[in-house]
Amino acid sequence: MPRLPCCHPFQEDKMNRFERQVILPGFGTEAQHKLQDAKVLLIGAGGLGCPILLYLAAAGVGKIGVVDGDSVALSNLNRQVLFGEKDLGKNKAETAVRYFQDKYRDIRWEIFPDFISVENAQELISDYDLVIDGSDNFPTRYMVNDACVLLGKPLVFGAIYQHEGQVSVFNLGENSCNYRDLYPKMPSASEVPNCSETGVLGVLPGIIGNLMALEAIKVLTGFGNPLKDRVLFFNSLSSQTYEVEISPNPDSRLAMPGSLTGFEIMDYELACEGIKQLTWSEAMGKMGMEVAFVDVREPGEMPPLECTGLLKIPMSDLPARLSLLENSDEILFFCQSGIRSQKAAQQLKNEFPEKRIYSIKGGINALKTQ
Amino acid sequence: MPNNIHIKAFGMVAEKIGSTDLTLDYFRDSDALLEALQAKFPELKSVKFSLAINRKMISRKQEIPEDAEIALLPPFSGG
Numbered sequence: 031m032p033r034l035p036c037c038h039p040f041q042e043d044k045m046n047r048f049e050r051q052v053i054l055p056g057f058g059t060e061a062q063h064k065l066q067d068a069k070v071l072l073i074g075a076g077g078l079g080c081p082i083l084l085y086l087a088a089a090g091v092g093k094i095g096v097v098d099g100d101s102v103a104l105s106n107l108n109r110q111v112l113f114g115e116k117d118l119g120k121n122k123a124e125t126a127v128r129y130f131q132d133k134y135r136d137i138r139w140e141i142f143p144d145f146i147s148v149e150n151a152q153e154l155i156s157d158y159d160l161v162i163d164g165s166d167n168f169p170t171r172y173m174v175n176d177a178c179v180l181l182g183k184p185l186v187f188g189a190i191y192q193h194e195g196q197v198s199v200f201n202l203g204e205n206s207c208n209y210r211d212l213y214p215k216m217p218s219a220s221e222v223p224n225c226s227e228t229g230v231l232g233v234l235p236g237i238i239g240n241l242m243a244l245e246a247i248k249v250l251t252g253f254g255n256p257l258k259d260r261v262l263f264f265n266s267l268s269s270q271t272y273e274v275e276i277s278p279n280p281d282s283r284l285a286m287p288g289s290l291t292g293f294e295i296m297d298y299e300l301a302c303e304g305i306k307q308l309t310w311s312e313a314m315g316k317m318g319m320e321v322a323f324v325d326v327r328e329p330g331e332m333p334p335l336e337c338t339g340l341l342k343i344p345m346s347d348l349p350a351r352l353s354l355l356e357n358s359d360e361i362l363f364f365c366q367s368g369i370r371s372q373k374a375a376q377q378l379k380n381e382f383p384e385k386r387i388y389s390i391k392g393g394i395n396a397l398k399t400q
Numbered sequence: 304m305p306n307n308i309h310i311k312a313f314g315m316v317a318e319k320i321g322s323t324d325l326t327l328d329y330f331r332d333s334d335a336l337l338e339a340l341q342a343k344f345p346e347l348k349s350v351k352f353s354l355a356i357n358r359k360m361i362s363r364k365q366e367i368p369e370d371a372e373i374a375l376l377p378p379f380s381g382g
């Protein structure tokens, strides 16, 4: 039975809605269809996320997932332009998506009102073609980067500091650079203040977020040249830009978890605080040198490990017995699975920032499987 | 005789140096330059940043060509 035109006004609407970009030379219906078929995951619906969503939704990206566990605060409103006074206290991912639901009927939305973590990252990212990092802290930025590298997803990156922003596209095709090539050394949270401490004009994340949306559209459609292996800096006070070429850095990649299993047990907050993780073979290489090996498991955890020079300081006793480690310059912690040992390392690092402190990846469980 | 080195500083690094642009005497390689910068601006020791020579990021010690432009590029976290 022939379909009457009135049965699918939606399709015609859609063509009208995108007409001005479809008629662009080099863009056309082909690029538009690519956008409509694309699935984009946005991490963080904040100062960068709001403009990104405005323009990706307007451009007609087919499916958009929004991840944010934070809620709207009054001080967000100078730059997080999807929110208003009535939204205070509401979850940002839910509120941002609600803003669009009456506007466009042709976008599928997915809301994740939680913070991204090593536990949920894989599940969140797997279903999407492209990830956009609009988060606001280093542990999340390294975590999202590593997850995208391990899952083979391109990543549009953008970040701001006071009057400056930086934008790049990572992990786009083989041998493409990623965040660790740009910044091999993970900075601690205290090293670089964020917007809430330094202040920011709302326009800056607006500009950087728009550059990110632009990069996302270029990656998804193949239109233009994305900022692959390049990073663009923008200064809002001078209105100057500065572009730098990045190349793969083999050393920095060694610091990344080698597998998704390794990723799941990584503690990015600790890693940013300078706690390094070693494999057992790296750790064994330090045996016999002046290194303290510390088992932080509680008594009774199996199998017990016995060797000369091994210190047993159960996690529950560690605060009281930190002084035992006073004279060791290099200390290696391990536990059953590699989680408690990272916390132990952090406690010690706080007490003795100058010491070289490590946690053994995967703990005793990893030793058993080797 | 080799000329000067032109420094462009970004973010926190510019704050610690007190300027976004700086001209220094010539240094042969990136390690020597970093050492000199940290001696001149001790606060730089507490910030991590990457270094680009003539708009190319370097990952290890590299010679500095004459009249090079060096960018000191710290990471930003805000969003």
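Top line first, the protein sequences correspond to chains A and B.
The opening residue of the first sequence carries number 31 in this note's numbering; numbering runs sequentially from there.
The opening residue of the second sequence carries number 304 in this note's numbering; numbering runs sequentially from there.
Using N, Cα and C, we set each Cβ at its ideal position, and we do this for glycine too.
These numbers were taken from a predicted model, which means no experiment stands behind them.
- Its chain contains F263 as the residues whose beta carbon lies nearer than 7 Å to that of A/Y272, once the 5 sequence neighbours on both sides are disregarded; these appear in chain order.
- Taking a beta-carbon distance threshold of 8 Å, B/G321 does not count as an interface residue toward chain A.
- Ranked by Cα distance from A/L354, the options A/G339, A/F130, A/G95 and A/G368 are led by A/G339.
- Not a single CB atom of chain A sits nearer than 8 Å to the CB of B/K343.
- Counting only Cβ-Cβ distances below 9 Å, B/R331 has no contacts in chain A at all, with the closest Cβ about 22 Å away.
- Between A/V186 and A/V174, the CB-CB gap reaches or exceeds 8 Å.
- Contact check for A/Q196 against B/F352 fails: the beta carbons are separated by 8 Å or more.
- Contact between the region 326-344 of chain A and the region 301-308 of chain A is absent: fewer than 3 CB-CB pairs across the two stretches fall below 8 Å.
- Distances from the alpha-carbon of A/Q270 to those of B/G382, B/P377 and B/K311 put B/K311 closest.
- The closest CA to that of A/L112, considering only A/A375, A/C80 and A/G232, is found on A/C80.
- Scanning its chain for C-beta atoms nearer than 8 Å, with the 5 sequence neighbours on each side dropped, one finds around A/N255 the residues K248, in chain order.
- Residues are counted here when their Cβ sits less than 7 Å from a Cβ of chain B; for the region 66-86 of chain A these are G74, G76, G77 and L78, given in chain order.
- For A/K379, no chain B residue has a C-beta closer than 7 Å to its own C-beta; the minimum C-beta separation is roughly 15 Å.
- Going by DSSP, A/Y129 is part of the alpha helix (DSSP H) stretching over K122 to Q131.
- Taking C-beta atoms as the reference points, A/D359 and A/K385 count as a pair closer than 8 Å.
- Unbroken beta strand (DSSP E) runs of no fewer than 3 residues, entirely contained in the region 232-278 of chain A, are found at 260-265 and 270-275, following chain order.
- In the three-state reduction of the DSSP assignment, A/S165 falls in the coil class, being assigned neither a helical nor a strand state.
- Among the residues facing chain B, A/A103 is not included, as its CB has no counterpart in that chain under 8 Å away.
- In the DSSP assignment, A/D325 falls within the beta strand (DSSP E) that extends over V321 to D325.
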